[in-house]
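*Asks:*
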Amino acid sequence: MGRYRSFQEGASMVTDSLAAVRDVLAFIASCDEPGHDRRKGRGRSGGRDGFACPFCGKSGLDEDQLWRHCPMYHINEKNTDGVPCPICRETPRGPFQVHMHNAHGPPGRHEMASEFHMADSTLYSFALVVCHNKKYNSFLLVQEFANSGFWLPGGRIDSGENPAQAAIRETKEEAGIDIRLTGLLKLEYHPKQDRNGSQYVRMRFIFYAEPLDCDQPPKSIPDYESAGATWCRADQVASLPLRGSEPVTYFNHIASGKPIYPLDLIHMTSSSS
């Protein structure tokens with residue numbers, strides 16, 4: 001490919017956009033402008049002599065100019081450790097380009113996203129199962145405790161488990177049914193914020209499954225997992241008290257012959273594999 005070959009041969013930019021060319025030329029002119037007052041910039045000026053690029057030695061740049069200069073002129077520079085930063089005078093751990101992008105310029109002033117300023121977020125992962133008994137054309141529902149209605153079998157993925165293992169385990173625990181996962185209906189990723197303002201992510205795998213034994217009776221003895229389970233036809237589910245509307249959506253999706261994605265769409269391992 002011509003574009004990639006150009007970079008291999010030393011180009012730092014390839015474009016057919018006149019607007020992009022104008023933008024870059026204006027930036028280059030501003031860096032070489034006689035009498036340019038670096039103190040008027042939003043970042044640090046670097047004093048009388050400004051900052052110098054650690055790759056090519058070009059000097060007289062203010063913080064924002066150096067921040068933009070590095071990728072524009074040195075996008076092909078290898079990620080090497082131990083390059084001193086001319087702005088903060090530190091030798092960052094890891095590649096200089098990563099440090100420059102996140103610690104200085106607009107990200108360093110919190111005007112843009114910076115990986116260095118991002119708080120860690122907790123990931124909560126869940127596996128849900130839409131289990132279709134083709135012999136009786138019915139779907140599996142779990143009866144939640146405390147009269148909370150019916151819901152899909154599933155729950156949180158335990159430490160060391162992969163999503164498929166969690167789906168099989170939760171269905172057995174909550175519904176008493178042994179299943180075989182045969183497809184994937186949806187993969188969800190929802191960034192959220194709790195009452196205290198802390199960030200977290202809820203991730204859900206919604207699997208399609210079939211019972212190993214279509215005549216295996218569902219769970220009927222209440223325990224801490226559920227009050228029991230039952231089979232239900234797609235045209236019956238809307239009349240039941242549900243914890244949420246998703247069983248209606250997914251059962252109708254299957255009953256109407258809509259797509260089911262293959263399991264190998266996602267690669268799963270566990271801590272024991």
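Each step along the sequence shown adds one to the number in UniProt numbering, with nothing skipped, and position 226 is 226.
Note that beta-carbon positions come from the ideal geometry of N, C-alpha and C, so glycine has one too.
Do residue 229 and residue 140 count as a contact pair if the criterion is CB distance below 8 angstroms?
*Replies:* A contact, by the Cβ cut-off of 8 angstroms.
*Asks:* How would you write the range of the beta strand (DSSP E) that residue 193 sits in, first residue to last?
*Replies:* Its beta strand (DSSP E) spans residues 179-193.
*Asks:* Just checking, does the segment 103-116 make contact with the segment 56-73 on the three C-beta pairs under 8 angstroms criterion?
*Replies:* The segment 103-116 is in contact with the segment 56-73.
*Asks:* When the Cα of residue 220 is compared with those of 244, 174, 127, which residue comes out closest?
*Replies:* For residue 220, the nearest C-alpha among the options comes from 174.
*Asks:* Please confirm if the segment 50-57 is in contact with the segment 9-16, defined as three or more CB-CB distances below 8 angstroms between the two stretches.
*Replies:* Contact between the segment 50-57 and the segment 9-16 is absent, because fewer than three Cβ pairs lie under 8 angstroms.
*Asks:* Spatial neighbours of residue 50 within its chain, please: CB distance less than 7 angstroms, with the 5 preceding and 5 following residues excluded, ordered by chain position.
*Replies:* Excluding positions up to five away in sequence, the list reads 38, 59, 60, 61, 62.
*Asks:* Tell me, please, which residues DSSP counts as bridged to residue 138.
*Replies:* Partner(s): 133.
*Asks:* Taking Cβ to Cβ, would you say residue 183 is nearer than 8 angstroms to residue 247?
*Replies:* The answer is no: Cβ separation not under 8 angstroms.
*Asks:* Enumerate, from N- to C-terminal direction, the unbroken beta strand (DSSP E) stretches of 3 or more residues contained entirely within the segment 184-243.
*Replies:* Qualifying beta strand (DSSP E) stretches, in chain order: 199-211, 228-232.
*Asks:* To the nearest angstrom, report how far apart residue 250 and residue 195 are at their CA atoms.
*Replies:* Approximately 30 angstroms between the Cα atoms of the pair.
*Asks:* Going by beta carbon distance, what residues of the same chain come within less than 6 angstroms of residue 154, once the five residues before and after it are set aside?
*Replies:* Correct list, in chain order: 127, 128, 129, 170.
*Asks:* Could you give the DSSP three-state label for residue 146: helix, strand or coil?
*Replies:* Looking at residue 146 - three-state DSSP - the assignment turns out to be coil, as it is neither helix nor strand.
*Asks:* Can you tell which of 161, 207, 213 has the C-alpha that lies nearest to the C-alpha of residue 178?
*Replies:* The shortest C-alpha separation from residue 178 is found at 213.
*Asks:* Can you check DSSP and say which residues form a bridge with residue 155?
*Replies:* Partner(s): 127.
*Asks:* For the segment 79-115, list the beta strand (DSSP E) runs that are entirely contained and at least 3 residues long, ordered along the chain.
*Replies:* Within the segment 79-115, no complete beta strand (DSSP E) run reaches 3 residues.
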